[in-house]
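4 protein chains.
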Amino acid sequence: MKKDSAEQHEIEQWMEELLAIGGDKQMTPKQISILEAAVEIFSDKGFSAASTSEIAQKAGVAEGTIFRYYKTKKDLLLSIVGPTMSRMIAPFVMRNFNGVLDMPFESYEAFLRAFILNRLEFARNNFKIIRILIQEIPFQPILRKHFSENILNQVLERVTAITEHFKAKGEIIEAPTPAIIRFTVSSVIGYLVTRLLLMPEKDWNDEEEINLILSFMLHGIGGPGQQAEQ
Amino acid sequence: MKKDSAEQHEIEQWMEELLAIGGDKQMTPKQISILEAAVEIFSDKGFSAASTSEIAQKAGVAEGTIFRYYKTKKDLLLSIVGPTMSRMIAPFVMRNFNGVLDMPFESYEAFLRAFILNRLEFARNNFKIIRILIQEIPFQPILRKHFSENILNQVLERVTAITEHFKAKGEIIEAPTPAIIRFTVSSVIGYLVTRLLLMPEKDWNDEEEINLILSFMLHGIGGPGQQAEQ
Amino acid sequence: MKKDSAEQHEIEQWMEELLAIGGDKQMTPKQISILEAAVEIFSDKGFSAASTSEIAQKAGVAEGTIFRYYKTKKDLLLSIVGPTMSRMIAPFVMRNFNGVLDMPFESYEAFLRAFILNRLEFARNNFKIIRILIQEIPFQPILRKHFSENILNQVLERVTAITEHFKAKGEIIEAPTPAIIRFTVSSVIGYLVTRLLLMPEKDWNDEEEINLILSFMLHGIGGPGQQAEQ
Amino acid sequence: MKKDSAEQHEIEQWMEELLAIGGDKQMTPKQISILEAAVEIFSDKGFSAASTSEIAQKAGVAEGTIFRYYKTKKDLLLSIVGPTMSRMIAPFVMRNFNGVLDMPFESYEAFLRAFILNRLEFARNNFKIIRILIQEIPFQPILRKHFSENILNQVLERVTAITEHFKAKGEIIEAPTPAIIRFTVSSVIGYLVTRLLLMPEKDWNDEEEINLILSFMLHGIGGPGQQAEQ
DNA sequence: CATGAATGAGAATTCATTCAT
DNA sequence: TATGAATGAATTCTCATTCAT
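Chains as they are written, first to last, in the UniProt record's numbering: chain R, 1 to 230; chain V, 1 to 230; chain Y, 1 to 230; chain F, 1 to 230.
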């Protein structure tokens, strides 16, 4: 549809703007293959169980070469998950001039739909790195700190603004914002996890599934016969 | 091949573990302190980064003693997460005599409420072990296999039955059961994760929060002003 | 001679008292052979150029065994040179009750003679360790600190007292004590170095040489024809 | 055998170095800064613990550049200490035409005074290199060999001649020349070491100290009350 | 049962040296 | 001539596991 494609374009612009992170600038082929091998192996065995010698072998370089680019094994890890961590939250880090939410969506539903699709695409493209990130956050204090201070807080702040924007417009019920956010985010992440991690091989119809989720979120799953409780 | 026989060994051990559910039978004090120390350290640093000598030290036993009880470090891990894994799904593994759902709840809401409270309690009591379990499932093929074959499938089957039970009673809308389950489970797990992992220090009013979640699930978060879409 | 042997005995007692350092208590045979091998190799190649694998090989133990006893290679070094460093200055660390010098020697010459012989013996028995010590003091801040704070200062203080004791008795000329000490110590160490390090294979007559040194020190090497200067 | 040919190479290089005494001929600025950096770092950490990459960095050149000028790290060391080693003994390598000692000093005292001042100056100017030299002589066979064969012997021979010259003139007592030399050299080196190494920060009055040393050497430190021994 | 000394395979990391540019 | 990326052997150190006591 015209509208959709125009909207899509706007969203893409709106999102890509903030993605100018690092830019993978001037990496040698060796460095690239080191990174690729590291992503593969960290993702397969976890950071601790991965060995630099295995990474070197898979990357087709000498073990010493890894340490020319990354001082330590942990540096290698951080250089992999760091940028992706930032890009994960790119859509949330938008400018918000003079108190006005720069929100190019007509409805909450449209916003969520676009958002889910966009992050699904991102998660698909960065699947392994995100896996590494999630696995290692509990064990790498530096990641945990960065995650809670930068990521979590920024996202929460932004999402709160968005939610209240739509609450003000009457599209969302009057209920505690944190609970609404948790509910929404859980539903979205629940889908992403099932889709990509638990049952990746299933033949998914994303559009349909997202419609269902949105419908559940907005109208609930309560049927006509549900008991009047409390 | 060596690998096969090793794997065979793993499986045998594993099966024995599963039979020991709830048992903790005839454990010496040393064995108990080994397990406690192992839980602590596996949970803190992850399986690979934990060292048996540190566990021994924390448990107050000699290094060799661990290997009297558990042939390998991995055996120690499995003996910890195995039983808990089974107990995680205990509520789902109820008898279901002669095709009749033995479901002692009047409403879906009552069922969910009871269920969430029950699993919240369980998760609180087994927090560290569950963390270990979640961390290690991706890296321990034997765990992954058991999880997907036994846990996931059993739970899914059971949850499907329950869901359809309430669907038949009109308490849940007519929509694809898998999507409903995903939606429900996501909401519940989302709460548990936030409650126990992301913001454990916050002062939670569980009853209230659960009421909100149930309300969201059943009636949605759509407000009066929401646009008619589709 | 009777006198000499009695004196000798007194001196030995006087010196051994303070040597109760550590005592090489309960070392396993493996630990002993590790230490022996380490002394040998550190002495031959220097600390940095010595490899733990070579030490392990020479000691006849696995490389890991070294690290059971000594956390790091540097620990191994310190555990070797530390005690010897203390024993080097043992003769200087005598009790000095109520301001009275406990000095069981009739003359300065007798004192010096006994002292030189005693330290020559000590240096001969601890030759390699002393070599390591001297080599590594410039590069190991911890050694340097200990040396300057504990060793040098203690010895200087004590030697100053001794020197002034004999100066008061008129056996030593009135001249700045530091210069006298430097002169004396240089002569002694110069002999030890030549004797043990530069020309160890020469057939030395220690008694005669020491007599010469003492004579030089006390009466100088100026001949009858020396010019009246200044 | 490999070792032999390597040794052969060492020796050849070494000889070339020796010929370059005082030369510093046609050194590029890069080469000079390499040498300066190497002196600094070898002196600070010792030869083995110094890394060529650190030297390159301090010198402001690429790692590879060092190896354009010096085949190996050891070559670099030798090219530093070699010339200085030779210059250390320069005053002893004087022409000695037709058996006549070309000794332009009236008295032994005047000679020693001039000599000490001269070598003190030299040592001050070449402090770091001399430190390296002394540190490395025990570990570099080639240095040790050269030192004992060329330096030590030449110096000894020359010093013996000088000493006997003054003995003949009656300025030095009749005593075994080696002992006299040892005594003299010890006193001088003892002063240099204290002056430059042990207490460099002290405010020294060199002239006065040297006078004291000379006085001690020539007349001894024995006071009027010294016991007549033997 | 329990110990803990001993092992040796392998881990991360360093570094002198080479070589294509 | 100078560079610096690349190497791979060597180094320090860790750790699961064994076994004699």
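Here a beta-carbon is modelled for each residue, glycine too, at the ideal position from N, C-alpha and C.
Do residue i and residue j have their C-beta atoms closer together than 9 Å?
i	j	result
F/Ala-38	Y/Leu-212	no
F/Gln-140	F/Lys-45	no
Y/Tyr-70	Y/Ile-34	yes
R/His-219	V/Gly-222	yes
F/Ile-66	F/Val-155	no
F/Pro-91	F/Asn-118	yes
Y/Phe-216	F/Phe-147	no
V/Leu-196	V/Arg-124	yes
R/Arg-87	R/Asn-150	no
Y/Val-188	Y/Phe-111	no
R/Ser-186	V/Ser-186	yes
Quick one: Cα of residue i to Cα of residue j, how far?
i	j	result
Y/Leu-76	Y/Ile-130	15 Å
Y/Ala-59	R/Glu-36	44 Å
V/Phe-97	R/Leu-120	Low local confidence applies: a pLDDT of 45 at V/Phe-97 is under 50, so the model's placement there is unreliable, and no value is given.
R/Ile-181	R/Val-159	7 Å
V/Ala-62	V/Ala-50	16 Å
R/Trp-204	R/Ile-210	10 Å
V/Lys-169	V/Glu-106	10 Å
V/His-165	R/Ile-162	37 Å
V/Lys-128	Y/Gln-31	41 Å
V/Glu-157	V/Arg-113	20 Å
R/Thr-177	V/Lys-145	39 Å
Y/Lys-202	V/Gln-57	56 Å
R/Pro-29	R/Ile-55	15 Å
R/Pro-83	R/Pro-104	26 Å
F/Asp-206	F/Phe-122	14 Å
So is residue i in contact with chain Y if we call contact Cβ pairs under 9 Å?
i	result
F/Val-159	no
F/Lys-74	no
F/Gly-223	yes
F/Lys-71	no
F/Gly-170	yes
F/Phe-166	yes
F/Arg-119	no
F/Arg-131	yes
Is the CB of residue i under 9 Å away from at least one CB in chain F?
i	result
Y/Glu-174	yes
Y/Gln-135	yes
Y/Asn-98	Caution is warranted here: a pLDDT of 48 is assigned to Y/Asn-98, below 50, making its placement in the model unreliable, and the coordinate value is therefore given only provisionally. Not an interface residue.
Y/Pro-104	no
Y/Phe-139	yes
Y/Val-217	The sequence shown places Met at residue 217 of chain Y, not Val. Interface residue, yes.
Y/Arg-182	yes
Y/Leu-78	no
Beta-carbon of residue i versus every beta-carbon of chain V: anything under 9 Å?
i	result
R/Thr-194	yes
R/Lys-145	no
R/Asp-206	no
R/Glu-209	yes
R/Lys-45	yes
R/Asn-123	The question names Asn, but residue 123 of chain R is Ala in the sequence shown. It does not: the Cβ of R/Ala-123 has no partner Cβ on chain V nearer than 9 Å.
R/Val-185	yes
Whole-angstrom Cβ separation of residue i and residue j, contact assumed at under 8 Å?
i	j	result
F/Tyr-108	F/Ile-173	In fact, because the Cβ distance is near 11 Å, the residues do not count as touching under 8 Å.
Y/Met-199	Y/Leu-133	Between Y/Leu-133 and Y/Met-199 the Cβ distance is about 21 Å, and since that is not below 8 Å, they are no contact.
V/Leu-143	V/Val-193	Wrong, their Cβ atoms sit about 20 Å apart, outside the cutoff.
R/Ser-48	V/Ser-53	The Cβ separation is near 16 Å, so there is no contact.
V/Gln-26	R/Gln-135	Incorrect: roughly 36 Å between the Cβ atoms, too far for contact.
Would you say residue i reaches chain R, if we count a Cβ-Cβ gap shorter than 9 Å as a contact?
i	result
V/Leu-212	yes
V/Val-155	no
V/Phe-111	no
Entirely within the region 161-193 of chain R and at least 4 residues each: give me those alpha helix (DSSP H) ranges in chain order.
-> Scanning the region 161-193 of chain R for uninterrupted alpha helix (DSSP H) segments of 4 residues or longer gives 177-193, listed from N- to C-terminal end.
Every unbroken alpha helix (DSSP H) inside the region 99-156 of chain F [4 residues or more] = Complete alpha helix (DSSP H) runs here, min 4: 108-125, 127-136, 141-146.
Fully enclosed by the UniProt domain "HTH tetR-type" (28-88) of chain F, which alpha helix (DSSP H) runs are 4 residues long or longer?
-> You should have 29-45, 52-59, 63-69, 73-88.
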